[in-house]
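2 protein chains.
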Amino acid sequence: MNFTMEIIITRRPTILDPEGKAVEHALHELGLGNIANVRIGKHVKLIVTADDEEQARAIVEEACRKLLANPVMDDYTITRATGS
Amino acid sequence: MNFTMEIIITRRPTILDPEGKAVEHALHELGLGNIANVRIGKHVKLIVTADDEEQARAIVEEACRKLLANPVMDDYTITRATGS
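Okay, here's the thing in structure tokens:
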């Protein structure tokens, strides 16, 4: 069975996010001064072939641990895509 | 009032995603061969000061149009962060 899974990977709140700071600055320059605390993370969408959702989640968890997320700096959440 | 908003920015399905392809290849090398169709997008979290949620959404929409998303290549969805 195919499961469409989504992962959101964010830098931990205590880790500086220079990309977010740059975007925030640019937004202020564009007149959007009422935006603050911009944090940029990653969104990964993929299809996993597994017997059930539990196994699909375990595979995605392994992909996060081994490659997608930095265990020191990142947090991640895994969800099953709606309608998949 | 402060609203914590989240934006997910994805390349349109018809647009090639070389980063996603590279990640998919790396995952296969790591033995995770049951993962396919990897697409990498961005996740942006920010705080907007606005009178109500509708205004907050309009501000984020403007930020997406003016800076965050590429109008030709990207799709985006805006949600209010749970618990904000």
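Line by line, the protein sequences are chains L and X.
Take our numbering: the last position of the first sequence gets the number 208, and nothing is skipped along the way.
Take our numbering: the last position of the second sequence gets the number 208, and nothing is skipped along the way.
C-beta atoms are modelled at their ideal positions from N, C-alpha and C, and glycine is treated no differently.
Small disclaimer: the values here were computed from a predicted structure and weren't measured.
Inset, instruction - Count the other C-beta atoms from every protein chain shown that fall within 10 angstroms of the C-beta of Arg189 (chain X), then say buried if there are 16 or more, exposed otherwise. - result: For the purposes of this step, residue 189 (chain X) is identified with residue 65 of the second sequence, where counting begins at 1. By the beta-carbon neighbour count (other beta carbons within 10 angstroms, threshold 16), Arg189 (chain X) is exposed.
Inset, instruction - Go to Gly144 (chain L), then tell me how far its alpha helix (DSSP H) extends in each direction, as first and last residue. - result: Locating residue 144 (chain L) in the first sequence gives position 20, counting from the first residue. Segment 142-153, the alpha helix (DSSP H) holding Gly144 (chain L).
Legend entry - Pairwise C-alpha distance: Ile131 (chain L) and Met197 (chain L): Indexing the first sequence from 1 puts residue 197 (chain L) at position 73. Indexing the first sequence from 1 puts residue 131 (chain L) at position 7. The alpha-carbon atoms of Met197 (chain L) and Ile131 (chain L) are separated by roughly 16 Å.
Legend entry - Which of helix, strand or coil DSSP assigns to Ile171 (chain L): Your numbering for residue 171 (chain L) matches position 47 in the first sequence. DSSP, reduced to helix, strand and coil, places Ile171 (chain L) within a strand of the structure shown.
Legend entry - Contact set between the segment 183-203 of chain L and chain X, restricted to residues whose Cβ is under 9 Å from the partner: Those would be Ile183, Val184, Glu186, Ala187, Lys190, Leu191, Leu192, in chain order.
Legend entry - Nearest-angstrom Cα separation, counted from Leu192 (chain L) out to Asp141 (chain L): Counting from 1 along the first sequence, the entry for residue 141 (chain L) is found at position 17. Counting from 1 along the first sequence, the entry for residue 192 (chain L) is found at position 68. Taking the straight line joining both Cα atoms gives about 18 Å.
Inset, instruction - Tell me, please, whether the CB atom of Lys145 (chain L) is closer than 7 Å to any CB atom in chain X? - result: Reading the first sequence from its first residue, position 21 is the one you call residue 145 (chain L). Nearest CB-CB separation between Lys145 (chain L) and chain X: not below the 7 Å threshold.
Inset, instruction - Can you tell me which of X:Glu143, X:Val172, X:Leu151 puts its alpha carbon nearest to the alpha carbon of Thr134 (chain X)? - result: Position 10 of the second sequence, counted from the first residue, corresponds to residue 134 (chain X). When only C-alpha atoms are compared, the closest one is X:Glu143.
Legend entry - Given Lys166 (chain L) as reference, the closest of L:Asn126, L:Thr138, L:Ile202 once Cα atoms are compared: Translated into positions along the first sequence, residue 166 (chain L) becomes position 42. Among L:Asn126, L:Thr138, L:Ile202, the Cα nearest to that of Lys166 (chain L) belongs to L:Ile202.
Inset, instruction - Measure the beta-carbon distance from Glu148 (chain L) to Ile159 (chain L) and round it to whole angstroms, keeping in mind my assumption that it falls under 8 Å. - result: By one-based count along the first sequence, residue 148 (chain L) stands at place 24. By one-based count along the first sequence, residue 159 (chain L) stands at place 35. Contact flag correct, Cβ pair sits at about 7 Å.
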